[in-house]
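Trainee: Let me give you the structure first, and then I'll get to my questions.
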Amino acid sequence: MAPKKNAGSKDDAKLKVANSVNVRHIMCEKQSKALQAIEKLRAGEKFNVVASELSEDKAKAGGSLGWQTRQQMIGPFAEVAFQLQPSTTDKPVYNDPPLKTKFGMSLTHVADSVLILKGYHVHAHSCYLSLADSIDHNGGRKKDLT
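Its first residue numbered 414, the sequence shown is counted upward by one per residue in my numbering.
Next up, the structure:
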């Protein structure tokens, strides 16, 4: 962990934070089509494959919207995207039920997220992997995380 600069100074109050997520979605005009997408995902199909097949927006890119900040998204979509845990397309974590927006019914998947603090980048997916690697699955820690 990088040392905190100017600990206790007025700069701490000005600490700027920006969150970004690498997000995909499946957008369908009709709820029945969104529910069909959920059935396929539950059956084990990859999120990007289902998006290519059923999404009515960004389908050619497997539903990828790329890296987005909260300010780049519409309110309800941003709320969903920033609540989801990052996951892979073959075992996606997504919102169920679909989110109703002015554009249609949306299923959202977050591949990765990043937290930026004064130039430090912290990738959430990497942190989860680092923590998982440090835990002995017989109940103890393998190594010190500090």
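We put the beta carbon where it would ideally sit given N, CA and C, even for glycine. Just so we're clear, the structure is a prediction, and the values are computed from it rather than from any experiment.
Can you tell me where the alpha helix (DSSP H) holding I451 begins and where it ends?
Mentor: Start and end: Q444 to R455.
Trainee: Helix, strand or coil for V506, going by three-state DSSP, please let me know.
Mentor: It is coil, neither helix nor strand.
Trainee: For the candidate residues T521, I529, G517 and G475, whose alpha-carbon lies nearest to that of S445?
Mentor: Comparing Cα positions, the closest option is G517.
Trainee: With DSSP as the reference, identify every bridge partner of N435, one or two as the case may be.
Mentor: In the DSSP output, where bridge partners are listed per residue, N435 has W480 and D525.
Trainee: Can you find the residues in the same chain that come closer than 8 Å, C-beta to C-beta, to D509, ignoring five residues on each side of it along the sequence?
Mentor: I451 and L520, listed in sequence order.
Trainee: Which residue comes first and which comes last in the alpha helix (DSSP H) that contains L467?
Mentor: Where L467 is concerned, the enclosing alpha helix (DSSP H) stretches over F460 to L467.
Trainee: Please tell me whether D525 and K459 are closer than 9 Å, where the distance is taken between their beta carbons.
Mentor: Their beta carbons are not under 9 Å apart, which means D525 does not touch K459 by this criterion.
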